[in-house]
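Chemist:
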Amino acid sequence: MYCVCMCVCVHLCVSSPPPLAHPNSGASRSNDAEEKKEDVLNIFSLASGHLYERFLRIMMLSVLRHTRTPVKFWFLKNYLSPSFKESIPHMAEFYGFQYELVQYQWPRWLHQQTEKQRIIWGYKILFLDVLFPLAVDKIIFVDADQIVRADLKELRDLPLDGAPYGYTPFCDSRREMDGYRFWKSGYWASHLGHRKYHISALYVVDLKKFRKIAAGDRLRGQYQALSQDPNSLSNLDQDLPNNMIHQVAIKSLPQEWLWCETWCDDASKRSAKTIDLCNNPKTKEPKLTAAARIVPEWIEYDNDIKRLLRRIEEEQRDGAVQTQTTAPPPPPPSQQQQG
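For the sequence shown, the residue numbers in mature numbering (1 follows the signal peptide of the UniProt record, and there is no 0) are -15 to -1, 1 to 324.
(1) Specify whether the stretch 118 to 127 and the stretch 212 to 220 touch according to this definition: at least 3 beta carbon pairs, one from each stretch, less than 8 Å apart.
(2) Where do the N-terminal and C-terminal ends of the alpha helix (DSSP H) with residue 138 fall, by residue?
(3) Please name the residue in 249, 104, 226 whose C-alpha comes closest to that of residue 161.
(4) Out of 102, 76, 107, 165, which has the shortest C-alpha to C-alpha gap to residue 91?
(5) Going by beta-carbon coordinates alone, are residue 135 and residue 258 separated by less than 7 Å?
(6) State the Cα-Cα distance for the pair residue 67 and residue 298, rounded to the nearest angstrom.
(7) Alpha carbon to alpha carbon, how far is residue 117 from residue 63? Give it in angstroms, no decimals.
(8) Check the C-beta distance from residue 238 over to residue 178 and give it rounded, since I have them as a contact under 8 Å.
(9) Have a look at 112, 78, 88, 84 and flag the residue whose alpha-carbon is nearest the alpha-carbon of residue 225.
(10) Tell me the residue span of the beta strand (DSSP E) that contains residue 260.
(11) Please tell me whether residue 153 and residue 59 are closer than 7 Å, where the distance is taken between their beta carbons.
(12) So for residue 59, helix, strand or coil by DSSP?
(13) Assuming residue 74 contacts residue 25 (C-beta within less than 8 Å), just tell me the rounded distance between them.
(14) Among residues of its own chain, excluding the 5 on either side of residue 283, which ones have a beta-carbon nearer than 7 Å to its beta-carbon?
(15) For residue 143, tell me which candidate among 165, 189, 292, 98 has the shortest Cα-Cα distance.
(16) Since residue 75 sits in a beta bridge, which residues does DSSP pair it with?
(17) When you compare only the Cα positions, how much space is there between residue 89 and residue 103?
(18) Using only the alpha-carbon positions, how far apart do residue 5 and residue 93 sit?
(19) Check each candidate in 31, 50, 171 and name the one with the smallest Cα separation from residue 285.
(20) When the Cα of residue 61 is compared with those of 80, 53, 84, 76, which residue comes out closest?
(21) Taking only the alpha-carbon atoms, compute the straight-line gap between residue 166 and residue 268 and give it to the nearest angstrom.
(22) Check residue 182 in the structure and name its three-state DSSP category.
(23) Going by the beta-carbon positions, is the gap between residue 110 and residue 222 smaller than 7 Å?
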């Protein structure tokens, strides 16, 4: 997610897109009134492919290990593998969390993406006002390849000073990466002015405020205008909110809420509340290698989940064998003829 985005800034669309109706349907297993009474930490994340589902499980465990608040995970159903969807109820029971699989049909009038990664990026930012029940006041997006080291309740309760969402700015402290900081020059430097360019790996959304100011409609309108140009929105989920910073304000979160080795110096790692395994355009180190090197507890989390998944497989295998051995034998031919 570090390509230079040279895009034309369009602040007002020629025609306003139609607002999306909230699908206040029976998709939720718990009704809005019940959900509102309970103090729940709502976490949204996306994953596609077995590698990122592996990262996702580890991220989930890191969230759970650092909070006493009940957690509910929200996942986009469209791109999860059958094996993940099969294992998630067992994980929920073992680790003690709630979850929900959500899906939303991409509107026909909205410019379509064809690449899977860009479709996922679109779902990450374009439909925040309609993906979740109205009773969910705040939601935190956490990238699948992130490790949490603090209580995300603290982030949820952080004042956003009137902004509908809060993002962490990119670090400036690792000086040897200055040549890769595309937001420091050209279009982004001019567009942002004194403002920061924010990373989309972690953000908190005040959904009440977001809906009140029609932030979803504004983002979709700007997306519709910019996405016609293939050179715009190189990093769709990240470029769009930064491009719209003058119309939809971003609260800059304290830097410790997202530490990434690529952009942040080693000294600041000690105070990191989350660690993001963002790509390094200089070294191009594989994510699995980086995870084990950068985050010691990642291996512990990974092994913990592997043990659980093995146990689930064994129980399912034993259950299948038991079902076969306890099945009643077929009646003898004479009894079949009598029937």
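Glycine is no exception: its CB is placed at the ideal position from the N, C-alpha and C atoms.
Modeler: Taking the definition as stated:
(1) no
(2) Within the sequence shown, numbered from 1, the residue matching residue 138 stands at position 153. Residue 138 -> alpha helix (DSSP H) spans 137 to 141.
(3) Position 176 of the sequence shown holds residue 161. Looking at the Cα atoms, 249 is the closest of the given residues.
(4) Mapped onto the sequence shown, residue 91 falls at position 106. The shortest C-alpha separation from residue 91 is found at 107.
(5) For this step, residue 135 is matched to residue 150 along the sequence shown. For this step, residue 258 is matched to residue 273 along the sequence shown. In this structure, residue 258 lies closer than 7 Å to residue 135 by Cβ.
(6) To locate residue 67, count along the sequence shown from 1; it is residue 82. To locate residue 298, count along the sequence shown from 1; it is residue 313. So the alpha carbons of these two residues sit roughly 14 Å apart.
(7) Translated into positions along the sequence shown, residue 63 becomes position 78. Translated into positions along the sequence shown, residue 117 becomes position 132. Their backbone Cα atoms lie some 15 Å apart in a straight line.
(8) Within the sequence shown, the letter at position 253 stands for residue 238. Within the sequence shown, the letter at position 193 stands for residue 178. Incorrect: roughly 19 Å between the Cβ atoms, too far for contact.
(9) As a working note, residue 225 is residue 240 in the sequence shown. Among 112, 78, 88, 84, the Cα nearest to that of residue 225 belongs to 112.
(10) Along the sequence shown, read from residue 1 onward, the residue named residue 260 stands at position 275. 259 to 261 is the extent of the beta strand (DSSP E) around residue 260.
(11) As a first step, residue 153 is located in the sequence shown; it is residue number 168 there, counting from the start. As a first step, residue 59 is located in the sequence shown; it is residue number 74 there, counting from the start. Going by C-beta atoms, residue 153 is not nearer than 7 Å to residue 59.
(12) What you label residue 59 is simply residue 74 of the sequence shown in a count that begins at 1. Here residue 59 sits in strand by DSSP.
(13) The count along the sequence shown starts at 1 and reaches residue 74 at position 89. The count along the sequence shown starts at 1 and reaches residue 25 at position 40. With a Cβ gap of about 18 Å, residue 74 and residue 25 do not count as contacting.
(14) Sequence index remark: in the sequence shown, residue 283 carries index 298 (1-based). 43, 132, 276, 277.
(15) As a position in the sequence shown, residue 143 is number 158, starting the count at 1. When only C-alpha atoms are compared, the closest one is 189.
(16) For the purposes of this step, residue 75 is taken as the residue at position 90 of the sequence shown. Answer is none; residue 75 lacks a bridge partner.
(17) The residue labelled residue 89 in the question sits at position 104 within the sequence shown. The residue labelled residue 103 in the question sits at position 118 within the sequence shown. Looking at the two C-alpha atoms, the distance is approximately 16 Å.
(18) The residue you call residue 5 lines up with position 20 of the sequence shown. The residue you call residue 93 lines up with position 108 of the sequence shown. Their Cα atoms are separated by approximately 11 Å.
(19) Position 300 of the sequence shown, counted from the first residue, corresponds to residue 285. Among 31, 50, 171, the Cα nearest to that of residue 285 belongs to 50.
(20) By 1-based counting over the sequence shown, the position of residue 61 is 76. The candidate whose alpha carbon is nearest that of residue 61 is 84.
(21) As a first step, residue 166 is located in the sequence shown; it is residue number 181 there, counting from the start. As a first step, residue 268 is located in the sequence shown; it is residue number 283 there, counting from the start. Going from the Cα of residue 166 to the Cα of residue 268 covers about 15 Å.
(22) Residue numbering aside, residue 182 sits at position 197 when the sequence shown is read from its first letter. Residue 182 falls in the coil class under three-state DSSP.
(23) In the sequence shown, counting from the first residue as 1, residue 110 sits at position 125. In the sequence shown, counting from the first residue as 1, residue 222 sits at position 237. Taking 7 Å as the Cβ cut-off, residue 110 and residue 222 qualify as a contacting pair.
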